[in-house]
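For reference, the structure is listed below as structure tokens.
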Amino acid sequence: MTLRNPDREAVTHGHITNEPIRQKPGVPSWVLKLIMAVTGLLFALFVVGHMAGNLKLYLPANGGEEALDEYGAFLRSMGEPLFPHEGALWIIRAVLLVAIIAHIYGAIALTARSKASRGKFSRSNLMGGLDSFATKTMLVSGLVLLLFIIFHLLDLTMGVQPIAPSDFAEGAVKANMIATFSRWPVTIVYVIAMCFLFLHLTHGIRLAASDLGITGAKWRQTFLILAYVIPAVVCIGNIVMPLSVALGLVS
Numbered sequence: 062m063t064l065r066n067p068d069r070e071a072v073t074h075g076h077i078t079n080e081p082i083r084q085k086p087g088v089p090s091w092v093l094k095l096i097m098a099v100t101g102l103l104f105a106l107f108v109v110g111h112m113a114g115n116l117k118l119y120l121p122a123n124g125g126e127e128a129l130d131e132y133g134a135f136l137r138s139m140g141e142p143l144f145p146h147e148g149a150l151w152i153i154r155a156v157l158l159v160a161i162i163a164h165i166y167g168a169i170a171l172t173a174r175s176k177a178s179r180g181k182f183s184r185s186n187l188m189g190g191l192d193s194f195a196t197k198t199m200l201v202s203g204l205v206l207l208l209f210i211i212f213h214l215l216d217l218t219m220g221v222q223p224i225a226p227s228d229f230a231e232g233a234v235k236a237n238m239i240a241t242f243s244r245w246p247v248t249i250v251y252v253i254a255m256c257f258l259f260l261h262l263t264h265g266i267r268l269a270a271s272d273l274g275i276t277g278a279k280w281r282q283t284f285l286i287l288a289y290v291i292p293a294v295v296c297i298g299n300i301v302m303p304l305s306v307a308l309g310l311v312s
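Just so we're aligned, residue 62 is where the sequence shown starts under the numbering used here, counting upward by one.
Okay, here's the thing in structure tokens:
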């Protein structure tokens, strides 16, 4: 066998070489997995809360003010007077931004390390069905969701045209939702994105249980149930809203 840069002292003592197979990474893989698990669960809690707040679309107006607009005003004013107007909201946005950057970095780094370890060999004999499909499309679904988040922010948060409706008005949350979902292409984009969110959340919650060291049978069974229930509720809730507007059921 021909060795590159063999350690002669190691060879003398019966070893091929004392050099490590690969360089030690700056951030251990277990740390990256822990970061992805924590940030992933944070996103799961956020989308549940986000959906619950948006469901105020169906509540009647309270004293002449739309319930959804009142909810939007609450988000901008929460934390006052401890924080300035929109201060707490911007803190939440900053935390989510840092979390998503860390989540993306962890996904890219772990995928690169996995490919480097496998070399030319690929995984085989994976379980079929939805679980296998969700596993193999995690990076794809993650990329789709990242693009959707950017689209969603430009549409209903920043009101950037032509992505947002032409009559976008700051603070008019319900009117903006009705205006944007009255456009069928936008509604279809949201529906497709929610299907990808279901796949990503389902597999992500299951991975989080393993990466957080949850090994008890009852706890793992609980996480398995939550891995399907939470994404299903979020997916259905976020699909019903744009479809109900597009079909003229909410105006």
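Glycine included, C-beta positions come from ideal geometry on N, C-alpha and C. Given the structure is predicted, the values throughout are model-derived calculations rather than measurements.
In this structure, F257 lies near V205, with their beta-carbon atoms less than 8 Å apart. Going by DSSP, Y289 is part of the alpha helix (DSSP H) stretching over A278 to A307. Rounded to whole angstroms, Q282 and L268 show a C-alpha spacing of 13 Å. Between L171 and I266, the alpha-carbon positions lie close to 17 Å from each other. Measuring C-alpha to C-alpha distances from T248 to each of L304, K117, A105 and E126 identifies L304 as the nearest. According to the DSSP assignment, D272 belongs to the alpha helix (DSSP H) that extends over W245 to D272. Pairwise C-beta distances place the stretch 235-250 in contact with the stretch 118-136, as three or more of them are shorter than 8 Å. Judged by pairs of C-beta atoms under 8 Å, the stretch 294-309 touches the stretch 109-125, as three or more such pairs exist.
Between the C-alpha atoms of A149 and L143 there is a straight-line separation of about 9 Å. In this structure P292 does not touch L273 by the C-beta definition: roughly 18 Å separates them, more than the 8 Å allowed.
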